[in-house]
Structures are given as structure tokens and as C-alpha cells.
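Before any comments, here is the structure.
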Amino acid sequence: MPSIEQNKKRWNTYYDWKDKGNEWSSSWGGVDIQWYGTILPRIHRFIPTGTILEIAPGYGRWTEFLKEYCEQLIIVDLSEKCIEECQKRFSSCSNITYLVNDGKSLDMIADESIDFVFSFDSLVHAEKEVINSYLQQLSTKLTKNGVGFIHHSNLGEYSNYYSLLGKILRPLPRGKEFLRRKYQITDNPHWRESSMTAKNFEQYAKDTNLQCINQEIINWGSKNLIDCLSTFTKNNSKWKSNNRIMRNNKFMREAKYLKELSKLYGNRC
Ligand SMILES: C[S@@+](CC[C@H](N)C(=O)[O-])C[C@H]1O[C@@H](n2cnc3c(N)ncnc32)[C@H](O)[C@@H]1O
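Counting in our numbering, the sequence shown runs from 4 upward without gaps.
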């Protein structure tokens, strides 16, 4: 959980998208500052490049930036509505290919054609089977020195914590807020996939001749390190190295600091 069907229903049908996903950048003070302050420093070594694949772009919050860092950009999402909106939003760009998939297939992409694959704030909602499937295919879709940067769930590491908390808090609808505030209990798993972990990702990569070169396990909207940013490449790539793992419990502090700075240096409009 959440399944591909639940993702499709949510993002293609009942999510209102009235702020085009920009609302998820509010903890950073805006989309621009989140890109330049948080995302770009983590991927700058790999871009600009030839062909970028963005998995799950939504309404194009990161597509807006990625399109400037490559000759060709391919975007693939399971939601037709999202891809149609991206087509409208980027209608003046000639270097973007738009694809709708079934939530796990990359069949429509040529082998050894992708220099950089990117996904941020999307596959945190994907089951481990989906991540495994994407990784298996990426091992053939990436070029020799191709690299991936994928944001995914690490909630599985906390499965006991969240299920116990659920059992304790569910019968206490009125005491819930009180307990949350008094003990700073975080019981919101942010619709993260409960089976996925950083360790799973590392293993799935290994199983398919890819390797993680770094994994930053981060807190997201809570004290718990429920997410992970995994960077990976092929076994024989020039980027290959041992996996460096960092448990970063200051990720939301970074967002807070950038939000302060955004008052001076913030968004283009
Ligand atoms: C929370 S939105 C984020 C969109 C964008 N990455 C952003 O940050 O603004 C999640 C997006 O992921 C897409 N998505 C979810 N699961 C997917 C999957 N298994 N394969 C492709 N797209 C998926 C949804 O359709 C939706 O567009």
C-alpha cells in the first residue's frame, strides 16, 4: 500500500492539483529555492547531460528545471491527466517526449538511451515491487555511465512504530491531538509505502547489475527518517563506488533554513 491503482485514482482523479504541486514546496518557501537549495546540490555532478528520464513528473514541478539540463527529456507518468497538463505547460518546448505508462513499465524507452533518471516526491508512494520493476528495466535503459537519482520510501524501517502507534491512538480520537502535542508524536506517515526501505533499494539495485553509490536517508515532515534519496549507476560505470550511506535527520531543518533565506532570495515570481 499504496498500490498502483490507488496512486492512479488519487493523482488522476480526485487530487485537485489547483496549485500544480507547488504547494508541496511550501516548507522550503517555494519551488525555485527547493530546486536550487535542496535538489540541484544533490545531482549537480550528473547534469547537464544528453537524455534525462523523469519518472512521475505530476504537473511538471521539476520538469520545468530538468528540461534546461539536457538535449532530450522523456517524462513518464501513470496519470494521463498529469501528462496532458505537462503537454500544455511545456507546449513551446521541442525537446520533451511525453509518455503514459501502467505504473511500472519502461518498455517504450530504448535500451541504453538514458544518461540520467530522476524522480522526486513521487515514488515515495510506490510499492517495493514497483521500485524493483523500474530498477530492473533501468539496468538496460541506462547508458554505460548513466546515473539515477530516486526519492523513495524508507517507511518500512518504522513499520512496527507506525502500526503500534495506530493501535494506541485509534481508540483515542479526542486524546490524539493532546498526546501529539505533549509528546511530539509523529503519526503521519505521509502516504509513504510501508514495505519499502533503503536496504531493499540497495539490494534490488545489486540484483540487477546496478549499484547504489550513495543513499541519504532523510526525515520528511517528521522526526523519523521515512524517506531515502538513492543515487545509483551501472556496475561498470565511471561513477561506480562503494555505497556511502548517510542518515540525515536535519533534512527538514535544511528546508526551514531555506524558507528563511527565501524571504530574501526566493522565487522568480
Ligand atoms: C505527489 S505527485 C508528485 C509529482 C512531481 N514529482 C512533483 O514533485 O511535483 C506524484 C506523481 O507520481 C505519479 N506516480 C505515482 N506512482 C507512479 C508510478 N508507479 N509510476 C509512474 N508515475 C507514478 C502520480 O501520477 C503523480 O503524478
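We treat Cβ as the ideally placed atom computed from N, Cα and C, and that holds for glycine.
Item to check | Below 5 Å from a heavy atom of ligand 1 - residues by beta-carbon | outcome: N10, W14, G24, A59, G61, R64, D80, L81, S82, C85, G106, D124, S125, A129 and V133
Item to check | Pairwise C-alpha distance: R250 and S225 | outcome: Along the sequence shown, one-based indexing puts residue 225 at 222. Along the sequence shown, one-based indexing puts residue 250 at 247. Those two C-alpha atoms are separated by around 14 Å.
Next on the checklist: One question on the structure: do K243 and Q214 come within less than 8 Å of each other, judged by their Cβ atoms?
Outcome noted: Residue numbering aside, residue 243 sits at position 240 when the sequence shown is read from its first letter. Residue numbering aside, residue 214 sits at position 211 when the sequence shown is read from its first letter. Yes, the Cβ-Cβ distance between K243 and Q214 is below 8 Å.
Checklist entry - Between A113 and K266, what straight-line distance do the alpha-carbon atoms span, to the nearest angstrom? => result Counted from its first residue, the sequence shown places residue 113 at position 110. Counted from its first residue, the sequence shown places residue 266 at position 263. Answer to the nearest angstrom: the Cα atoms are 44 Å apart.
Checklist entry - Whose C-beta lies closer than 6 Å to the C-beta of C96 among residues of the same chain, with five residues either side of it excluded? => result As a position in the sequence shown, residue 96 is number 93, starting the count at 1. Result list for C96: K70, in chain order.
Next on the checklist: With DSSP as the reference, identify every bridge partner of S233, one or two as the case may be.
Outcome noted: Position 230 of the sequence shown holds residue 233. DSSP, once it has assigned bridges, lists I153 and Q218 as partnering S233.
Checklist entry - Since R92 is in the alpha helix (DSSP H), which residue starts that stretch and which ends it? => result Taking the sequence shown and counting its residues from 1, the one referred to as residue 92 is at position 89. Run containing R92: E83 to R92, per the alpha helix (DSSP H) assignment.
Next on the checklist: Using only the alpha-carbon positions, how far apart do L141 and I77 sit?
Outcome noted: If you number the sequence shown from 1, residue 141 lands on position 138. If you number the sequence shown from 1, residue 77 lands on position 74. Cα to Cα, L141 sits roughly 14 Å from I77.
Next on the checklist: Counting beta carbon pairs with one atom in the segment 82-93 and one in the segment 37-46, are three or more of them shorter than 8 Å?
Outcome noted: no
Checklist entry - With DSSP run on the structure shown, which of helix, strand or coil describes T100? => result Along the sequence shown, one-based indexing puts residue 100 at 97. Three-state DSSP puts T100 in a strand.
Checklist entry - Taking buried to mean at least 16 other C-beta atoms within 10 Å of its own C-beta, is L167 buried or exposed? => result Numbered from its first residue, the sequence shown carries residue 167 at position 164. L167 is exposed by the Cβ-count criterion.
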